[in-house]
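Residues 87 to 411 in the numbering used here are what the sequence shown spells out, letter by letter. Every residue gets a Cβ at the ideal spot worked out from N, C-alpha and C, and that includes glycine. Here the structure is a predicted model, which means the values were calculated and not measured.
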Amino acid sequence: MNVEFVHQPVMAHEIVQIFATVPGGWVLDATLGGAGHATLLLEHHQHLRVLGLDRDGDALSIARQRLQVFGDRAATAHLRFDHLEQAMEALSIDSLSGALFDLGVSSPQLDRAERGFSYRLTAPLDMRMDRREEWSAADLVNGYDERSLAQVLRRHGDERFATRIARAIVAARPIENTSQLAEVVVTAIPAAARRTGGHPAKRTFQAIRIEVNQELDVLPTALEQAIRRTAVGGRVAALSYHSGEDRIVKQVMRAAETGGCTCPPELPCVCDAVQIVRVVRRVPKTPSADEQTANPRARSARLRVVERIEPARRGEAAPTTRSGR
Numbered sequence: 087m088n089v090e091f092v093h094q095p096v097m098a099h100e101i102v103q104i105f106a107t108v109p110g111g112w113v114l115d116a117t118l119g120g121a122g123h124a125t126l127l128l129e130h131h132q133h134l135r136v137l138g139l140d141r142d143g144d145a146l147s148i149a150r151q152r153l154q155v156f157g158d159r160a161a162t163a164h165l166r167f168d169h170l171e172q173a174m175e176a177l178s179i180d181s182l183s184g185a186l187f188d189l190g191v192s193s194p195q196l197d198r199a200e201r202g203f204s205y206r207l208t209a210p211l212d213m214r215m216d217r218r219e220e221w222s223a224a225d226l227v228n229g230y231d232e233r234s235l236a237q238v239l240r241r242h243g244d245e246r247f248a249t250r251i252a253r254a255i256v257a258a259r260p261i262e263n264t265s266q267l268a269e270v271v272v273t274a275i276p277a278a279a280r281r282t283g284g285h286p287a288k289r290t291f292q293a294i295r296i297e298v299n300q301e302l303d304v305l306p307t308a309l310e311q312a313i314r315r316t317a318v319g320g321r322v323a324a325l326s327y328h329s330g331e332d333r334i335v336k337q338v339m340r341a342a343e344t345g346g347c348t349c350p351p352e353l354p355c356v357c358d359a360v361q362i363v364r365v366v367r368r369v370p371k372t373p374s375a376d377e378q379t380a381n382p383r384a385r386s387a388r389l390r391v392v393e394r395i396e397p398a399r400r401g402e403a404a405p406t407t408r409s410g411r
């Protein structure tokens, strides 16, 4: 086992509780990583099995070793999470008891310099979660025009200095490694703005990583598939770490709750929209103060959960939540 691949699962206690009373069967861990959440679910819930997906071959190798102890209660696949139905079909799984999406980048990916995710470590511009892919951060940084770069930084990083940074990147080409990129970004940001909000290159690196891996492009499809394939009483949970991810999670879950209803909220629904989930918690849950202190990377986490219900037309009484849930 690679002892360097250590990742502390975020909101572990909450995740274990969420899946405590779902029907027996397979829970999809759509972002398996080092199998932290998967291991906890299997240890605490004997009625569950876990199907783990991951794009990162290194993570998957470690996860498979850690899950061997659970025998046929655990299965894995080297797939992006929008291919979850392919993995289910390979195992003849008709429906899921639940699904977990722990989004973003893991601690081992950030901490291993050669992966190129970190602005603090010198490495080639890579940032590919799946190293079988040809497209890398180097192609984006040295290939996108100024306007396209600025759009990426704004859309995926909420970067207010996107235009300045994009212009500086284009002027500094060719950029060959992470340290050079970080230095270009820092220099492009006004001195006063560099003193607050953490490392000045954080948003740029986040935005480039998301673009390289098409993270937000494939997320809606994956969430919709997971919700559709989850059995009644099962739950779908998503941990997001920045506004773009959380916005998509909220929109997909809201669409499943409303059935796409466009009727004015103060009037009865007349568009025959069908509700298939109930939102378990209207306001997203955040890590406890103790967890945020112990694991600073958990500070931005937002947890949203829905529960699958029998399809019901909007306005009809939905089944009552079971006691203790």
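Inset, instruction - Measure the Cβ-Cβ separation of Ile313 and Ile275 and say whether it is below 9 Å. - result: For the purposes of this step, residue 313 is taken as the residue at position 227 of the sequence shown. For the purposes of this step, residue 275 is taken as the residue at position 189 of the sequence shown. The Cβ atoms of Ile313 and Ile275 do not sit closer than 9 Å to each other.
Legend entry - DSSP three-state assignment for Arg394, whether helix, strand or coil: In the sequence shown, residue 394 corresponds to position 308, counting from 1. Strand at Arg394.
Inset, instruction - Mind listing, in chain order, the continuous beta strand (DSSP E) runs of no fewer than 3 residues lying wholly within the region 284-329? - result: Those beta strand (DSSP E) runs which fall completely within the region 284-329 and span 3+ residues are 316-326.
Inset, instruction - Take the Cβ of Ala98 as the centre, count every other Cβ of all protein chains shown within 10 Å, and call the residue buried at 16 or more, exposed below. - result: Here residue 98 corresponds to residue number 12 of the sequence shown, with the count starting at 1. With 16 or more other Cβ atoms within 10 Å, it is buried.
Legend entry - Straight-line Cα distance separating Val335 from Val365: Locating residue 365 in the sequence shown gives position 279, counting from the first residue. Locating residue 335 in the sequence shown gives position 249, counting from the first residue. Rounded to the nearest angstrom, the two C-alpha atoms are 12 Å apart.
Legend entry - Every unbroken beta strand (DSSP E) within the region 178-213, with a cutoff of 3 residues, ordered by chain: Segments of the beta strand (DSSP E) lying fully in the region 178-213: 182-188.
Inset, instruction - Give me the Cα-Cα distance between Glu352 and Gly346, rounded to the nearest whole angstrom. - result: For the purposes of this step, residue 352 is taken as the residue at position 266 of the sequence shown. For the purposes of this step, residue 346 is taken as the residue at position 260 of the sequence shown. Between the C-alpha atoms of Glu352 and Gly346 there is a straight-line separation of about 16 Å.
Legend entry - Runs of beta strand (DSSP E) lying entirely within the region 100-166, each at least 3 residues, in chain order: The region 100-166 contains these whole beta strand (DSSP E) runs: 111-115, 134-139, 160-163.
Inset, instruction - Could you please give the first and the last residue of the uninterrupted alpha helix (DSSP H) stretch that includes Gln378? - result: The residue labelled residue 378 in the question sits at position 292 within the sequence shown. That run of the alpha helix (DSSP H) goes 375-380.
Inset, instruction - Would you decide whether Leu177 is buried or exposed? Buried here means 16 or more other CB atoms lie within 10 Å of its CB. - result: Taking the sequence shown and counting its residues from 1, the one referred to as residue 177 is at position 91. The residue in question, Leu177, is exposed, as its Cβ has fewer than 16 Cβ neighbours within 10 Å.
Legend entry - Rounded separation between Leu127 and Gln266 - CA only: Locating residue 127 in the sequence shown gives position 41, where the first residue counts as 1. Locating residue 266 in the sequence shown gives position 180, where the first residue counts as 1. In this structure, the CA atom of Leu127 is about 42 Å from the CA atom of Gln266.
Legend entry - Start-to-end residues for the alpha helix (DSSP H) that takes in Gln361: By 1-based counting over the sequence shown, the position of residue 361 is 275. In the DSSP annotation of this structure, Gln361 is not part of any alpha helix (DSSP H); the continuous beta strand (DSSP E) holding it starts and ends at 360-365.
Inset, instruction - Give the range of the alpha helix (DSSP H) segment to which Ser265 is assigned. - result: Sequence index remark: in the sequence shown, residue 265 carries index 179 (1-based). It spans 264-274 - the alpha helix (DSSP H) in which Ser265 sits, taken as one unbroken run.
Inset, instruction - Assign Leu170 to one of three DSSP states: helix, strand, or coil. - result: Taking the sequence shown and counting its residues from 1, the one referred to as residue 170 is at position 84. Reduced to three states, the DSSP call for Leu170 is helix.
Inset, instruction - Give the secondary structure of Leu353 by DSSP, where H, G and I count as helix, E and B as strand, and everything else as coil. - result: The count along the sequence shown starts at 1 and reaches residue 353 at position 267. DSSP, reduced to helix, strand and coil, places Leu353 outside both helices and strands of the structure shown, so it counts as coil.
Legend entry - CA-to-CA distance, Arg385 to Gln378, given in whole angstroms: For the purposes of this step, residue 378 is taken as the residue at position 292 of the sequence shown. For the purposes of this step, residue 385 is taken as the residue at position 299 of the sequence shown. Whole-angstrom Cα-Cα distance: 5 Å.
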